Amino acid sequence: MADKKPEDLDRLLQRLVTAGQGAVHRGLEDLASLLEKYQPKQPSYKGPHLTNAEYDGLLERQGGVCAVCGEKREGRLVVDHDHETGKVRGLLCNFCNVALGFFRDDERRVVAAAEYLRAGRTE
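Under the numbering used here, the letters of the sequence shown match residues -18 to 104, in that order.
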């Protein structure tokens, strides 16, 4: 390793970072898939943020789909709420809920990610 040039180390570091990002991405997809698979299938909701009637009303207003991606999933959707105020924002699928969590509910990160994806399509 002593005879490696700084450029070689930089390339190696970049390869490790890229591999790590891929592993994390696959791990998150697997986590969301497991959550989706084992999400309770019964229609009733019991949780600290909404009553069953409030959940049903919100689900109906959202058309039975995730508030972010618009997809219908098996089982119940997750009640998304602001962790500072406790205010319910909507119902999300596990994939979108996990994604927002990893963005730390930071709108700037979400917007930056959207801009990044857009720029990658146009180049």
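C-beta atoms are modelled at their ideal positions from N, C-alpha and C, and glycine is treated no differently. Remember, it's a predicted structure, so these values are computed and weren't measured experimentally.
Judged by beta-carbon spacing, C74 lies within the 8 Å limit of L58, meaning their Cβ atoms are closer than that value.
Each of T(-1), E52 and R85 was checked against the Cα of H62, and the nearest Cα belongs to R85. A residue is called buried once 16 or more other Cβ atoms fall within 10 Å of its Cβ, and L72 is buried on that count. Excluding five sequence positions before and after F76, the CB atoms of its chain that fall closer than 6 Å to its own CB belong to A13, given in chain order.
Among the bridge pairs identified by DSSP, V69 is matched with H62.
Taking C-alpha positions only, G28 is separated from E52 by approximately 22 Å. Of the other Cβ atoms in all chains shown, 16 or more fall within 10 Å of the Cβ of N78; this residue is therefore buried. Between F83 and L16, the gap from beta carbon to beta carbon reaches 8 Å or more.
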